[in-house]
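**Q**
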């Protein structure tokens, strides 16, 4: 029996460019606006 | 509880339940966000439903529930691509107003195991409903997610 691994997958289409969406995913300037005021921290 | 295959998609739209419900039932608007397909019905329980493009009925069904602006459902039976042999499935839209926006929940169920229709609607709904969101929020729908040749069917 295969191991049950919970996950969720969501697909959305956005009238933008991949570069713009990438920027929105990785910059606090954007996440503060759409992610309820949270800053994103990440290291490349 | 049913373990049968189904597809559920939730999207939040900066609009009102009235405007979202109207978009779901208006052929002129659906032609824009549904890539040319007009949702056609008299919109009363038991009335026929069809998705019409280029004068052809591509998908048909019957209105199962009509409760504006909260809930809409219709049966769904493709009339193309060899999918005619499958039993009709069911599409349900639930609209909920939350904080000045609409939570739209689309449930497509009633599939049999191994359905050929399910993977097609799984690919289609995110694109259609994203396009609906764009249209209602910006006045501009999205282009189809597929490329050229599929459009010529």
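Chains as they are written, first to last, in our numbering: chain G, 149 to 192; chain W, 903 to 1055.
Glycine included, every Cβ here is placed at the ideal spot set by N, Cα and C.
#1: How many whole angstroms separate the CB atoms of residue 974 of chain W and residue 1020 of chain W, which I take to be in contact at a CB cut-off of 8 Å?
#2: If residue 953 of chain W and residue 960 of chain W are in contact, beta carbons under 8 Å, what's the gap, nearest whole angstrom?
#3: Would you list the one or two residues that DSSP bridges to residue 999 of chain W?
#4: For residue 1055 of chain W, count the other beta carbons within 10 Å of its own beta carbon; 16 or more makes it buried, fewer makes it exposed. Which is it?
#5: Going by C-alpha to C-alpha distance, which of W:985, W:982 and W:962 sits closest to residue 976 of chain W?
#6: So, is the C-beta of residue 915 of chain W closer than 8 Å to a C-beta in chain G?
#7: For the beta strand (DSSP E) containing residue 952 of chain W, list its first residue and its last residue.
#8: Could you tell me the boundaries of the alpha helix (DSSP H) in which residue 169 of chain G lies?
#9: Over what stretch of residues does the alpha helix (DSSP H) that includes residue 1032 of chain W continue unbroken?
#10: Sorted by chain position, which residues of the same chain lie with C-beta nearer than 7 Å to residue 921 of chain W's C-beta, five sequence neighbours on each side aside?
#11: In this structure, how does DSSP classify residue 180 of chain G when only helix, strand and coil are distinguished?
#12: Pick from W:1012, W:970, W:1008 and W:1044: whose alpha carbon is nearest that of residue 906 of chain W?
#13: What residue ranges within the stretch 913-981 of chain W form continuous beta strand (DSSP E) runs of no fewer than 3 residues, ordered along the chain?
**A** So, to answer that:
#1: At roughly 20 Å, the Cβ-Cβ gap does not stay under 8 Å, so residue 974 of chain W and residue 1020 of chain W are not in contact.
#2: 5 Å
#3: W:1004
#4: The predicted position of residue 1055 of chain W is uncertain, since its pLDDT is 44 and thus under 50; no value can be drawn from it.
#5: It is W:962.
#6: no
#7: 950-955 is the extent of the beta strand (DSSP E) around residue 952 of chain W.
#8: 166-174
#9: 1019-1040
#10: 1038
#11: helix
#12: For the set W:1012, W:970, W:1008 and W:1044, the Cα lying nearest the Cα of residue 906 of chain W is the one of W:1012.
#13: 940-943, 950-955, 958-969 and 973-980
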